[in-house]
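At position 148 of the sequence shown (counting the first as 1) the number is 148 in this note's numbering, and the numbers step up by one without a gap. Ideal placement from N, C-alpha and C gives every residue a C-beta, glycine not left out.
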Amino acid sequence: MGWYTGVMGENRRALIRMTDTEIDAYLEAPRTVTMATIGPDGLIHQVAMFYAWIDGEMWIETKTKSQKVANLRRDDRLSMHVESGTDYHELRGVNLRGRGEIVEDADQLWRVGVNLVDRYHGGYDESKRPFLEGILHNRVGVRMVAEKTTSWDHSKLPADVR
Numbered sequence: 001m002g003w004y005t006g007v008m009g010e011n012r013r014a015l016i017r018m019t020d021t022e023i024d025a026y027l028e029a030p031r032t033v034t035m036a037t038i039g040p041d042g043l044i045h046q047v048a049m050f051y052a053w054i055d056g057e058m059w060i061e062t063k064t065k066s067q068k069v070a071n072l073r074r075d076d077r078l079s080m081h082v083e084s085g086t087d088y089h090e091l092r093g094v095n096l097r098g099r100g101e102i103v104e105d106a107d108q109l110w111r112v113g114v115n116l117v118d119r120y121h122g123g124y125d126e127s128k129r130p131f132l133e134g135i136l137h138n139r140v141g142v143r144m145v146a147e148k149t150t151s152w153d154h155s156k157l158p159a160d161v162r
């Protein structure tokens, strides 16, 4: 039997795939996402970002004139990749591929900002309003419109392949 097939030809890829509930729980945790857009030269432009997870959707906020926004205005294809684990049997991750929607609506951007402060800066309360207002000045939101999701959780593999 090959490494990717087990008893009766069972596909190991199917074994490690996360359910929608598992993906949601995984992305709900404060992690770093690798965001990939396509640069003006056609090459991949990757950056590490904190992200908001709102109603099952990934969002980031960034400077209006950032390279990633310029890239998305020209070509809206986007990939977002989150992973964790240091040993093979601990590897987990989610890759979202699709389109990046640039959002300039102030209310939605505020919602993204509050989510980010909750996740990465110890929680939002009104005392953090000036901090958040400063962060969001001259910023836009980017909503990941996922068309394809790939996930893996190697802890689901049988012990004989760990």
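Can you find the residues in the same chain that come closer than 6 Å, C-beta to C-beta, to Met18, ignoring five residues on each side of it along the sequence? Ser151, Asp153
Look at the alpha carbon of Arg139 and the alpha carbon of Glu147, and state the distance between them as a whole number of angstroms. 25 Å
Mapping DSSP to helix, strand and coil, what is Ser155? helix
If the criterion is Cβ atoms closer than 8 Å, does the pair Gly141 and Val103 meet it? yes
Anticipated Cβ contact below 8 Å, Trp175 with Val94, distance rounded: Absent from the model: residue 175. The displayed extent of the chain is 1 to 162, so no value can be given.
Classification of Ser127 by the beta-carbon crowding that lies within 10 angstroms, buried from 16 upward: exposed
Measuring alpha carbon to alpha carbon, tell me which residue in Val69, Tyr124, Gly85, Val82 is nearest Arg99. Val69
Distance, His121 Cα to His89 Cα: About 30 Å.
Segment limits, alpha helix (DSSP H) that includes Gly179: Residue 179 falls outside the range modelled here, since the chain spans only 1 to 162, and no answer is possible.
Just the C-alpha distance for Asp118 and Tyr124, rounded to the nearest angstrom, thanks. 5 Å
In whole angstroms, what separates the C-alpha of Ser155 from that of Phe131? Their Cα atoms are separated by approximately 39 Å.
In the DSSP assignment, the beta strand (DSSP E) including Thr32 goes from what residue to what residue? 32 to 38
Is Leu91 helix, strand or coil by DSSP? coil
Tell me, which residues are paired with Ile16 by DSSP? Paired residue(s): none; Ile16 is not in a bridge.
If you drop the 5 nearest sequence neighbours on each side, which residues of the same chain put their C-beta closer than 8 Å to that of Ile23? Val94, Thr149, Ser151
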